[in-house]
Structure formats: C-alpha cells, structure tokens
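Heads up, the thing below is written out as structure tokens.
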Amino acid sequence: MSGRRWSWLVLLIVSCGFGALHVLGARPLVSVLSGTLPATELELLGGLAYAAAWFAVVLVVPVVALALVLDSACGKMRAAVQRWRASRRR
Amino acid sequence: MRLLQPLGCLCLAAALWVQVLHSCFATRADALAGPLARRQLALWQGGRELEASLGELRRSNPEWDLMARMFAVLAFAELAAREPPQSARYLSAIDAIVERTIAELEQRGARHFLLPYGHTRPFVDREQRSLFVDGELALMLALRSLVAPSPAHLGAARPWVERVVAQLERAPQQVAESYPDEAWIFCNAVALAAIRLYDEAAGEPERHRAVIERWVQSARAHLTDRSTGLLVSRTSYAAEVQEGPEGSTLWLTATMLLVVDEDLAREQYTRARAELHGSFAGFGWAREWPASWAGADDLDSGPTVPLVEANAGSSGLALVAARAFGDEQFERELVASLGFAGFPSDGGERFAAGNQLADSVILWASVFGPSWQLARGGRS
C-alpha cells in the first residue's frame, strides 16, 4: 500500500475512533478538562481520550486530508506537464 | 526533494485550515443564552439531576456549590429583567436557590461551603464568619431586591448586607476574611457589589458610600501589584499580599467594581486585558497569571493549557468581563474558543468541558446587562 493510502487509512481510523467514543457516550466525561474530579479512573481516561480524539479530528485530520489532496493534485499536474513536454519532443 | 512537496502541501493546508477554523465556531455570546437558560431553569426546579450535579461540584470543591448558586442567581436576575413576561419563573428560581442556601447554612454551619483547610483554625475576626459565604448570599438577596423590589425581599437582604458591611469595617485595611487569615479580593468585590445593589434597591444609593470609598482607597494603597498595576488576589487579614494578580479574580472583580467604582473597574479591565489576553487565528483565551507573576494552578480556576497559558476559569470569567465592558473582539474570540474547546452538548444546554458552575457563568455572560444597569441607577 502506498504512503498516501496509509495516511488516508490512519485518518479514517482516527475519525472512526472519535465516532465510536461519541456513540459510546464519552463526551460528558470531558468535564475533567475544567478540573472537575471524575467518579472513576475509567471516566478520567474516557474524558481524556475523547478530548484527544476531538482535537485530532478537528485539527489534524482536516489538515492532513487537505495536504493529501493538494499533494495528489500537485503529483497529477506534474505528470500532466511531463506528458505534455514528452509529446512536444516527439 | 521527494519530501519537499508533501511538506509544502502540509504547511499550505495548515495555513488554510487555521484561517477558516474559527468561522466554524463563530457565534455571538447572546446566542448561547436560550438553551443554557432552559437547562439551568429546569435544573433549579429541583430533583435528582440537581442533587447529582451539586454533588459532583462538591466532590471537586465545595466552594463551587455556592458559586454555582450565585452565578445562577446573577443570570436569572438578568433574564427576569430582560424578559418581563417570564420574570415570575426566574424570580421563583432565585427564591428557591436563596431559601435552600440559607437553610443549608443554618443546618450545616457557615463552613459548609469552604474547602477543608477552612475548618482547621479560627478566623482572626471575632465574628468568625467568611466573607465568601456571607458576601455571595448578600449579593443574591440584594440582586433579588433590585430586580423586583418589595419590602419583604429588602428586609431579607438587609441583615446579610449589614453583616458584610460590618466585616469590611472591622478589617484593619477594609479587606475582610474569606478563610482564616485569608482575604480574597474576589469575595471582597462581590460583597461590595452586594452593598451597592442593596443600597440602590433600597433607594438610598449613598447609604454605604463611605465604606465603599475607604475600600477603594485601601485597594489602591495596599492591594495593587506594583509591576502590573493590577489588584492582587489574596492577602492576609492585615492586607499583606499573599498571592499576586490572578485572572479569574480580576475579571470578576472588574465586573463587580463596575457598580462600585467605575474608574477603578475600567482601569483594572484595561490592565487585565493587556496582561492576560491571548489570541490566535480568531480564538481567544485568558491567562490565569500575568507573565511577571509565576503562580501555580489552584483548585478554583482549573487547569492551564501549557505554552499558550490558556486557563479555563480565567477564560470563562473573561467572557463575563468582555461583555460587561463591551469588548466585542475579545467576546467573539472567547465564544469561538468555547465552541471549539468547551464541548457544547445537548443542543447547547451545557458545556461538557465544564460543569454546572461553568454553565451558569457562561449563561450570566450571555445575558449580562440589565440588572447592572439598574444597579448603576438606570431604573429611571
């Protein structure tokens, strides 16, 4: 699998991880961010995991996805330019 | 060379995303009010959800239990003044909060809302009372009297207001104790606002002018950090500085001082903004400590995000102050941050990153205005 495909797969896994935490009801657990004491250690971990997944989905996933699209577009443009140059040489 | 293109694309993507991200969370503070008010009002009707929520606050910090009540009353008073047809609902919620608080103080004593270290030694002042508790209750009662004046409510507020006046007058430099040998400026500012609100409600705006002026003079002389010009956050009963300027104290203090001494209030807000405001790409936050004062996080104000020094408690109260001082740019930035990192839940009825106290602070910020206008003599 190419590096670009791996990157898309990682982004998909991160997004699905966030979706799963959301569906499992972890959002209310992020109250730990304001210093509110969680009832159990599991709640603490759930809150921190949800917050990390949210910031990854909002900050990292869109940037990397946009970068992959731009990179792919640049690659296609370069290939097109090379094909055009090759056709001119012939 | 192979890495240059992907790295360039990553930088370009990051630059583009940073420019548009804040617009995904942009809204006005007053747009937050409806859902938050709905939940707070439902919560204060009583029941298991309220008990669980207050229990959660007390588990973290018993002070938050009382503060959540005070900020709910501040918000409900604004809503009662804003929406006269609905005012009966808000006023009855205020009455329920005040009655419950007085009953708990009678049953469990004045230290019920203090952190454990407040139980370990006596107050210096002979009356053995906490200005934190008496001041917040006095503010709730005074505000209730101000938004819907009646002889009964004025009568209920008067002993609590006179109690905090006496505490301030007995203190060597007019700064009264919240904890044994600890005077918190946050609590002193709340008490002063309570006095002013009560005097305005009673139709005697100059009644306690002398004690207020003495406090302001003392604050300028003894409670001001020389390097920043900001009010410090904690002193001993003798007004020796114990902790420097603290964001979560300053934003609320400036807002309270608006009805006490507008010049000092505006000066403090301007200085606090210069020292504590942070922003990036349309998002704003507030530091807990100015760069010149290395303070530690405390239990009241919650954790601080490293590097940018964004503090949850300071940023929440900065939203109140930004509204109070008409600072629209800071308000927009803070609201964007709230949407991004506050985790709005249940259709905006609460912010999951906070708790009931944080929600009531944000609700107060989102409806701030009419009652402070009344307190500044705006009824006529």
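Respectively, the protein sequence lines represent chains A and B. Under this note's numbering, the first residue of the first sequence carries the number 817, and numbering increases by one thereafter. Under this note's numbering, the first residue of the second sequence carries the number 985, and numbering increases by one thereafter. Idealized CB from N, CA, C, for every residue including glycine. Owing to the predicted nature of the structure, the values given are computational and were not obtained by experimental measurement.
Consider the C-beta atom of residue i and the heavy atoms of the ligand GDP; say whether any pair is separated by less than 7 Å.
{"i": "Ala1160/B", "result": "Absence of the ligand GDP from the depicted structure is noted, as is the absence of any ligand whatsoever, leaving it without description."}
How many whole angstroms separate the CB atoms of residue i and residue j, which I take to be in contact at a CB cut-off of 8 Å?
{"i": "Ala1122/B", "j": "Trp1144/B", "result": "4 Å"}
{"i": "Phe1352/B", "j": "Arg1307/B", "result": "4 Å"}
{"i": "Pro854/A", "j": "Gly863/A", "result": "6 Å"}
{"i": "Leu1301/B", "j": "Leu1236/B", "result": "5 Å"}
{"i": "Leu1089/B", "j": "Gln1340/B", "result": "That belief does not hold up - the Cβ atoms of Leu1089/B and Gln1340/B are roughly 19 Å apart, past 8 Å."}
{"i": "Pro1189/B", "j": "Gly1361/B", "result": "7 Å"}
Mind checking whether residue i and residue j have CB atoms under 8 Å apart?
{"i": "Pro1367/B", "j": "Ala1205/B", "result": "For residue 1367/B there is no data in the structure shown, the boundaries of chain B being 985 and 1364."}
{"i": "Arg1126/B", "j": "Ala1141/B", "result": "The sequence given here has Ala at residue 1126/B, not Arg. Contact: yes."}
{"i": "Leu1164/B", "j": "Pro1106/B", "result": "The question names Leu, but residue 1164/B is Pro in the sequence shown. Yes. Within cutoff."}
{"i": "Glu1293/B", "j": "Arg1271/B", "result": "yes"}
{"i": "Ala1167/B", "j": "Arg1218/B", "result": "yes"}
{"i": "Ala1296/B", "j": "Gly1286/B", "result": "yes"}
{"i": "Val1244/B", "j": "Glu1161/B", "result": "no"}
{"i": "Trp824/A", "j": "Leu882/A", "result": "no"}
{"i": "Glu1028/B", "j": "Leu1020/B", "result": "Reading off the sequence shown, one finds Trp at residue 1028/B, where the question assumed Glu. Cβ distance not < 8 Å, so Trp1028/B and Leu1020/B don't count as in contact."}
{"i": "Glu859/A", "j": "Leu845/A", "result": "yes"}
{"i": "Leu937/B", "j": "Val1200/B", "result": "Any answer about residue 937/B is impossible in this case: the structure gives chain B only from 985 up to 1364."}
{"i": "Arg894/A", "j": "Ser1329/B", "result": "no"}
{"i": "Phe1116/B", "j": "Asp1049/B", "result": "no"}
{"i": "Val1159/B", "j": "Leu1099/B", "result": "no"}
{"i": "Leu837/A", "j": "Val880/A", "result": "no"}
{"i": "Ala1203/B", "j": "Tyr1253/B", "result": "no"}
{"i": "Thr852/A", "j": "Ser1350/B", "result": "no"}
Taking 6 Å as the limit between beta carbons, can you name the residues of its chain near residue i, skipping five residues before and five after?
{"i": "Ser1364/B", "result": "The pLDDT assigned to Ser1364/B is 41, lower than 50, so where the model puts this residue is not dependable, and the model offers no usable value."}
{"i": "Leu1058/B", "result": "Trp1348"}
{"i": "Ala997/B", "result": "none"}
{"i": "Leu1181/B", "result": "Ala1126, Leu1127, Leu1130 and Ala1359"}
{"i": "Leu1260/B", "result": "Gly1231, Ala1270 and Arg1271"}
{"i": "Gly1326/B", "result": "Phe1335 and Ala1337"}
{"i": "Ala1065/B", "result": "Val1131, Pro1354 and Ser1355"}
{"i": "Gly833/A", "result": "Ala869"}
{"i": "Leu1038/B", "result": "Asp1049"}
Candidates the options: which alpha carbon is nearest residue i's?
{"i": "Gly1085/B", "options": "Glu1067/B, Tyr1074/B and Asp1118/B", "result": "Correcting the residue type first, residue 1085/B is Thr in the shown sequence and not Gly. Closest by alpha carbon: Asp1118/B."}
{"i": "Ser1076/B", "options": "Leu1099/B, Pro1046/B and Met1124/B", "result": "Met1124/B"}
{"i": "Phe1314/B", "options": "Gly1262/B, Trp1028/B and Pro1290/B", "result": "Gly1262/B"}
{"i": "Val830/A", "options": "Phe871/A, Ser850/A, Ser818/A and Ala889/A", "result": "Phe871/A"}
{"i": "Ala1222/B", "options": "Leu1038/B, Arg1154/B and Arg1316/B", "result": "Arg1154/B"}
{"i": "Ser850/A", "options": "Asp1330/B, Gln1357/B, Ser1355/B and Thr1288/B", "result": "Thr1288/B"}
{"i": "Arg1113/B", "options": "Trp1356/B, Leu1152/B, His1137/B and Ala1036/B", "result": "Leu1152/B"}
{"i": "Val876/A", "options": "Leu1234/B, Ala1342/B and Leu994/B", "result": "Leu994/B"}
{"i": "Ala865/A", "options": "Arg904/A, Leu827/A, Ala902/A and Val848/A", "result": "Val848/A"}
{"i": "Met1051/B", "options": "Gly1031/B, Pro1069/B, Asp1311/B and Val1082/B", "result": "Val1082/B"}
{"i": "Ala1136/B", "options": "Asp1079/B, Glu1317/B and Arg1110/B", "result": "Asp1079/B"}
{"i": "Arg1191/B", "options": "Arg1198/B, Asp1183/B and Glu1197/B", "result": "Asp1183/B"}
{"i": "Phe1309/B", "options": "Gln1357/B, Ala1087/B, Glu1224/B and Tyr1074/B", "result": "Gln1357/B"}
{"i": "Glu1224/B", "options": "Pro1156/B, Arg1073/B and Ser1298/B", "result": "Pro1156/B"}
{"i": "Gln1070/B", "options": "Gly1018/B, Gly1093/B and Arg1043/B", "result": "Gly1018/B"}
{"i": "Glu1246/B", "options": "Glu1197/B, Glu1317/B, Thr1104/B and Arg1316/B", "result": "Glu1197/B"}
{"i": "Asn1187/B", "options": "Ile1346/B, Leu1291/B, Leu1322/B and Leu1138/B", "result": "Note that residue 1187/B is Gly in the sequence shown here, rather than Asn. Nearest of Ile1346/B, Leu1291/B, Leu1322/B and Leu1138/B to Gly1187/B, Cα basis: Leu1138/B."}
Skipping 5 residues on each side, what residues in its chain have a beta carbon closer than 8 Å to that of residue i?
{"i": "Asp887/A", "result": "Arg820"}
{"i": "Val1319/B", "result": "Phe1009, Ala1010, Thr1011, Arg1012, Ala1013, Leu1016 and Leu1303"}
{"i": "Gln1091/B", "result": "none"}
{"i": "Ala1265/B", "result": "Val1002, Gln1003, Leu1005 and His1006"}
{"i": "Gly891/A", "result": "none"}
{"i": "Pro1229/B", "result": "Asp1209, Thr1212, Leu1214, Leu1215, Val1216, Ser1217, Ala1256, Glu1259, Trp1273, Pro1274 and Trp1277"}
{"i": "Gly1102/B", "result": "Arg1095, Ser1114, Tyr1163 and Pro1164"}
{"i": "Val873/A", "result": "Val830, Ser831 and Phe834"}
Looking only at its chain, what residues have a beta carbon closer than 7 Å to the beta carbon of residue i, apart from the 5 residues adjacent to it on each side?
{"i": "Met1054/B", "result": "Glu1120, Leu1123 and Met1124"}
{"i": "Phe1324/B", "result": "Phe1009 and Phe1267"}
{"i": "Ala1342/B", "result": "Gly1300 and Phe1335"}
{"i": "Arg1073/B", "result": "Leu1025"}
Given 8 Å, three or more beta-carbon pairs between the stretch 1157-1177 of chain B and the stretch 1224-1240 of chain B: Output reads yes: the stretch 1224-1240 of chain B touches the stretch 1157-1177 of chain B.
Any 3 or more C-beta pairs closer than 8 Å across the stretch 1054-1072 of chain B and the stretch 1020-1029 of chain B: Between the stretch 1054-1072 of chain B and the stretch 1020-1029 of chain B there are three or more inter-stretch CB-CB distances shorter than 8 Å, so the stretches are counted as touching.
Contact the stretch 994-1008 of chain B vs the stretch 1332-1340 of chain B: 3+ CB pairs below 8 Å: Taking a cut-off of 8 Å for Cβ pairs, the stretch 994-1008 of chain B and the stretch 1332-1340 of chain B do not touch, as fewer than three such pairs fall below it.
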